[in-house]
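What follows is a short report on a single structure.
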Ligand SMILES: *Cc1c(COP(=O)(O)O)cnc(C)c1O
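Listed below in structure tokens is the structure:
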């Protein structure tokens, strides 16, 4: 808190070097990062006001689009990759009002950003790489977050690396960087009370994260652990030096967390090998850098029962996103004709298993039991 700009500048320099991108901006959240990017793109391309995103996505994404005063357009997904249904996507790219396409590595599953870039290369449509869940992730030798015209990482709770809250923007593009710089300079930073609140939060988290005390945050509703909400009303600030300080040593931390997540992911993959999406299977021997392990449960009663038991025992298996984007109550009237059957269906099947470094051996065992009971078909539904 006392070093002021120095810690921030150091964090920024380290990011520039690690990701080999020219421009980097540090803000208060992933949502704030997305909003700034969208505002800048829409200034650069007046007349274009529609943002194309996958119909199954984190609710923060449509929240940011609404906040930027733009319109959410959806494309259905491929059930195997959770990336776009590229057949449908191609048909949507000639839309003259399209401002940009967002490509997102959901749960760390790599999306085909290159393919979106190829499809849009002869148009002014920009590609935003939403790597909110994929900081430090790599695929086919490429660092996720660096392939789009502009990319973001989130440093929120539950992401690959956290500073309580925080967001990072990366870009190679000079025009975007120049406009972002202007916007960034016009933002205020955290006030002293806001910084103190972060500080208290960080302290509490440090204490409560202990497995023996972890029931407390789970039991206190206002902490809203792991909840996904649509809410365009959020603060957009420059990152504070305190947050940059929390990130210090991030390269080492990320590498360490990645190894632990990989090893737990392999565990789940072994148990679910016959149920894995073919996106995993066809690249056998390689698992992406997941921050949550997606598992599709076909039977709705089995899924409900697993979620119920996980909640009761505090195991951290989650439905993750309550529904597809077209069914978010606040914006569903924008999609009166629906048209996203795969996203609707996947949203009802997917649960995600935790792979984070704080998962206890006891919890891992309990989760294992639940999985084995479910895939062994002798799952007790009583
Ligand atoms: C978390 C997340 C965001 C938003 O990040 P915050 O820091 O929580 O605002 C955006 N996109 C995706 C895919 C996310 O998972």
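In this note's numbering, the protein residues as written are 388 to 769.
Beta carbons: idealized from backbone N, C-alpha and C, even for Gly.
A quick note: this is a predicted structure, and the numbers were derived from the prediction, not measured.
Bounding residues of the alpha helix (DSSP H) (the contiguous stretch that carries residue i)
| i | result |
| --- | --- |
| residue 544 | It is not in any alpha helix (DSSP H) - residue 544 carries neither H nor E in the DSSP assignment. |
| residue 398 | 392 to 406 |
| residue 690 | 687 to 700 |
| residue 431 | 417 to 431 |
| residue 501 | 500 to 507 |
| residue 521 | No alpha helix (DSSP H) contains residue 521, which DSSP labels as neither H nor E. |
| residue 729 | 728 to 736 |
Assumed close pair residue i, residue j - CB separation to whole angstroms, cut-off 8 Å
| i | j | result |
| --- | --- | --- |
| residue 417 | residue 538 | Not really, about 11 Å apart at Cβ, beyond 8 Å. |
| residue 435 | residue 619 | In fact, because the Cβ distance is near 20 Å, the residues do not count as touching under 8 Å. |
| residue 419 | residue 583 | Not really, about 20 Å apart at Cβ, beyond 8 Å. |
| residue 694 | residue 678 | Contact doesn't hold; Cβ gap of about 19 Å is too wide. |
| residue 531 | residue 492 | 5 Å |
| residue 556 | residue 424 | 6 Å |
| residue 535 | residue 587 | Not really, about 36 Å apart at Cβ, beyond 8 Å. |
| residue 567 | residue 427 | 5 Å |
| residue 629 | residue 655 | Rounded, the Cβ-Cβ distance is 35 Å, inconsistent with contact. |
Helix, strand or coil at residue i according to DSSP, with G and I counted as helix
| i | result |
| --- | --- |
| residue 669 | Its pLDDT being 44, under 50, residue 669 is placed unreliably by the model, and nothing is read from it. |
| residue 456 | coil |
| residue 571 | helix |
| residue 480 | coil |
| residue 634 | coil |
| residue 490 | strand |
| residue 588 | helix |
| residue 750 | helix |
| residue 785 | Here the chain covers residues 388 to 769 and nothing more, so residue 785 does not appear. |
| residue 742 | coil |
| residue 625 | strand |
| residue 555 | strand |
| residue 357 | This structure cannot settle anything about residue 357, because the visible part of the chain is limited to 388 through 769. |
| residue 721 | helix |
| residue 759 | helix |
| residue 660 | coil |
| residue 706 | coil |
| residue 616 | coil |
| residue 641 | helix |
| residue 577 | coil |
| residue 647 | helix |
| residue 715 | coil |
| residue 464 | strand |
| residue 583 | helix |
| residue 469 | coil |
| residue 595 | helix |
Residue i classed as buried or exposed, judged by whether at least 16 other C-beta atoms fall within 10 angstroms
| i | result |
| --- | --- |
| residue 449 | buried |
| residue 461 | buried |
| residue 653 | exposed |
| residue 670 | With a pLDDT of only 49 at residue 670, under the threshold of 50, the placement of this residue in the model should not be trusted; the figure read from the coordinates follows. Under this definition residue 670 is an exposed residue. |
| residue 508 | exposed |
| residue 522 | buried |
| residue 430 | exposed |
| residue 712 | buried |
| residue 690 | buried |
| residue 569 | exposed |
| residue 765 | Per-residue confidence for residue 765 stands at a pLDDT of 49, beneath the threshold of 50, marking its modelled position as unreliable; the derived number appears in the next sentence. Exposed, by the Cβ-count rule. |
| residue 590 | exposed |
| residue 741 | buried |
| residue 477 | exposed |
| residue 483 | exposed |
| residue 497 | buried |
| residue 650 | exposed |
| residue 561 | exposed |
| residue 728 | exposed |
| residue 706 | buried |
| residue 404 | exposed |
| residue 593 | exposed |
| residue 438 | buried |
| residue 645 | buried |
| residue 737 | buried |
Extent of the continuous beta strand (DSSP E) run through residue i
| i | result |
| --- | --- |
| residue 517 | 513 to 517 |
| residue 770 | This structure cannot settle anything about residue 770, because the visible part of the chain is limited to 388 through 769. |
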